[in-house]
Amino acid sequence: MLDLKPHHENLLKGVGLALTAFFLFSVMSAAAKFLSDTHHVAEIAFYRNAIFLLPLLFYIRSKKNKNLFKTDKPKAVAFRAIVGSISLIVTYSAFAELPMADATVLLFASSIITPVIVHFALKEHIGIYRCVAILIGLSGVFLMAAPTGAVNPIGVVFALSAATMHAMMYSTLRYLKTEDSLTVTFYFILAGVLIPGIFFMPFVAAPILNPLELGLFLALGVSGGCAQLCLANAHRHAPASLIAPLNYTGLIWATGFDIIIWKTIPGWPVFIGGGIIIASSLFIIYRENKNVQINKR
15 MLDLKPHHEN LLKGVGLALT AFFLFSVMSA AAKFLSDTHH VAEIAFYRNA
65 IFLLPLLFYI RSKKNKNLFK TDKPKAVAFR AIVGSISLIV TYSAFAELPM
115 ADATVLLFAS SIITPVIVHF ALKEHIGIYR CVAILIGLSG VFLMAAPTGA
165 VNPIGVVFAL SAATMHAMMY STLRYLKTED SLTVTFYFIL AGVLIPGIFF
215 MPFVAAPILN PLELGLFLAL GVSGGCAQLC LANAHRHAPA SLIAPLNYTG
265 LIWATGFDII IWKTIPGWPV FIGGGIIIAS SLFIIYRENK NVQINKR
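Basically my numbering = 1-based index in the sequence shown + 14.
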């Protein structure tokens with residue numbers, strides 16, 4: 015009989031893949047921030063998806079399974095694809111307006127917003143402990159977003175809007191848990207090409223000026239695509255409760271890129287507010303995992 019429990023070496027492989035994925039997501043965000051000086055964020059989002067679409071099509075074709083293009087929940091798949099393509103543009107706008115560490119921490123708010131959306135949209139129960147954790151986490155968001163003049167308010171709006179859209183996508187993924195992840199990913203990438211391609215590219219497309227920009231666009235697409243594949247495979251070798259907290263390692267890379275590339279050192283609200291958000295999110299993950307274990311009994 016096949017043993018579906020992850021072995022120790024599989025757990026290590028899952029953690030390694032997840033850490034690689036979150037590093038690559040940071041590389042993608044850094045490339046997008048760098049390119050935003052000379053290119054519109056919608057154009058950056060278009061190339062990020064277009065570069066990955068062709069290899070993804072070849073990969074799906076190699077599976078020789080035509081059913082991968084079919085879905086029993088087309089409305090939900092379309093909703094996630096549309097929200098996801100828009101959220102990518104908004105996310106890149108946040109990174110263009112804010113230091114990477116600030117934007118990264120504010121995007122962590124998605125893990126606090128997700129349980130609220132799931133409660134109202136999917137009727138999942140939220141206990142008193144998670145309610146308290148959500149309120150504490152929001153205090154960390156307010157600490158970072160406080161109008162002190164130190165943080166660009168437009169960037170804060172972009173980051174929190176992106177975090178809300180990310181939470182909407184995560185919530186939709188719960189509803190789509192019976193669908194093939196490759197199918198959901200394909201339509202997400204396809205919408206990420208079509209929406210900016212049709213509505214933005216005719217008006218904002220700019221020439222690629224030099225080999226550095228070309229390299230950054232390639233790094234953007236390759237890092238983003240490889241990060242998705244690494245994350246998908248990480249979940250095959252380790253439980254989500256172990257993978258999810260590793261997302262916060264992205265703050266380490268974001269801070270490093272800020273210091274090395276943009277010579278920016280994050281202020282104390284980033285670390286204190288980020289610590290509050292991360293601690294609250296970890297507690298929410300713990301409670302969700304505990305409830306799953308109880309329901310399995």
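For every residue, glycine included, the Cβ atom is placed at its ideal position computed from N, Cα and C.
Given a cut-off of 8 Å, decide if Cys-244 and Thr-34 are closer than it, judged by their beta-carbon atoms. For Thr-34 and Cys-244, yes; Cβs fall inside 8 Å.
For the 8 Å Cβ check, are there 3 or more pairs between the region 67–83 and the region 114–130? Taking 8 Å as the limit for Cβ pairs, the verdict is that the region 114–130 does not touch the region 67–83.
Go ahead and label Asp-86 buried or exposed: buried means 16 or more other beta carbons lie within 10 angstroms of its beta carbon, across all protein chains shown. So Asp-86 counts as exposed.
Taking Leu-121 as part of the alpha helix (DSSP H), name the residues at either end of that continuous run. Where Leu-121 is concerned, the enclosing alpha helix (DSSP H) stretches over 114–121.
So, are the CB atoms of Pro-210 and Ala-59 less than 8 Å apart? It is a contact, given that the beta carbons lie within the stated cut-off.
For Thr-263, the nearest candidate out of Gly-28, Leu-26, Ala-32 (CA to CA): When each option's Cα is compared against that of Thr-263, the closest is Ala-32.
Distance between Arg-188 and Asn-303 (C-alpha atoms, nearest Å): Annotation: Asn-303 to Arg-188 spans about 14 Å, alpha carbon to alpha carbon.
With distances taken from CA atoms, which of Ala-177, Phe-285, Gly-289, Gly-141 is nearest Asn-305? The shortest C-alpha separation from Asn-305 is found at Gly-141.
Can the beta-carbon of Thr-128 be found closer than 8 Å to that of Ala-181? Using a Cβ distance threshold of 8 Å, Thr-128 and Ala-181 count as a contacting pair.
C-alpha distance - Ala-293 paired with Gly-28, whole-angstrom precision: The alpha-carbon atoms of Ala-293 and Gly-28 are separated by roughly 22 Å.
Sub-8 Å separation of Ala-176 and Ser-101 beta-carbons: Against a cut-off of 8 Å, the Cβ pair of Ser-101 and Ala-176 comes out as a contact.
Going by CA-CA distance only, name the one from Gln-242, Ala-252, Phe-297, Ala-254 that's closest to Val-41. Sorting Gln-242, Ala-252, Phe-297, Ala-254 by C-alpha distance to the C-alpha of Val-41 places Gln-242 at the top.
Using DSSP with H/G/I as helix, E/B as strand and the rest coil, what is Ser-153? Taken through DSSP and simplified to helix, strand or coil, Ser-153 comes out as helix.
Take the Cβ of Arg-94 as the centre, count every other Cβ of all protein chains shown within 10 Å, and call the residue buried at 16 or more, exposed below. Arg-94 is buried by the Cβ-count criterion.
State the CB to CB distance for the pair Leu-68 and Ile-74, rounded to an integer number of angstroms; the pair is presumed to be in contact (CB under 8 Å). In this structure, Leu-68 and Ile-74 do not form a Cβ contact; the two beta carbons are roughly 11 Å apart against a cut-off of 8 Å.
Report the rounded CA-to-CA distance for Thr-186 versus Thr-192, giving the unit in angstroms. Between Thr-186 and Thr-192, the C-alpha separation is close to 11 Å.
Starting from the Cα of Ile-286, find the closest Cα among Gly-154, Val-236, Arg-144 and give me that residue. Ranking the options by Cα distance to Ile-286, first place goes to Gly-154.
Whole-angstrom C-beta distance between Arg-144 and Ile-298, which should lie under 8 Å: A Cβ-Cβ distance of about 6 Å is found for the pair Ile-298 and Arg-144, placing them in contact under the 8 Å criterion.
What is the residue span of the alpha helix (DSSP H) that His-180 lies within? Going by DSSP, His-180 is part of the alpha helix (DSSP H) stretching over 167–189.
Taking only the alpha-carbon atoms, compute the straight-line gap between Phe-217 and Ala-254 and give it to the nearest angstrom. Here the C-alpha atom of Phe-217 lies approximately 41 Å from the C-alpha atom of Ala-254.
Give me, in chain order, the residues of the same chain whose beta-carbon lies closer than 8 Å to that of His-251; leave out the 5 immediate sequence neighbours on both sides. Excluding residues within five positions, the ones whose Cβ falls inside 8 Å are Pro-20, Asn-24, Leu-25, Lys-27, Gly-28, Leu-31.
Inter-residue Cα distance where the pair is Thr-52 and Ala-115: Whole-angstrom Cα-Cα distance: 21 Å.
In this structure, how does DSSP classify Leu-223 when only helix, strand and coil are distinguished? In the structure shown, Leu-223 sits in coil (DSSP, three-state: anything other than H, G, I, E or B).
Nearest to Ile-65 by alpha carbon, out of Gly-239, Phe-200, Phe-156, Ala-258? Nearest to Ile-65 by C-alpha distance, out of Gly-239, Phe-200, Phe-156, Ala-258, is Gly-239.
Close beta carbons around Ala-159, own chain, < 6 Å, minus the five adjacent residues each side: Here the set comprises Val-170.
Other residues of its chain near Phe-37: CB distance less than 7 Å, five sequence neighbours each side excluded: Cβ neighbours of Phe-37 beyond the five flanking positions: Trp-267.
What is the DSSP secondary structure of Ser-255, reduced to helix, strand or coil? The answer is helix: DSSP assigns Ser-255 an H, G or I state.
Would you mind reading off the limits of the alpha helix (DSSP H) that contains Phe-109? From DSSP, the alpha helix (DSSP H) with Phe-109 extends over 88–111.
Between the C-alpha atoms of Phe-214 and Gly-206, what's the straight-line distance to the nearest angstrom? The straight-line gap from Cα to Cα measures roughly 12 Å.
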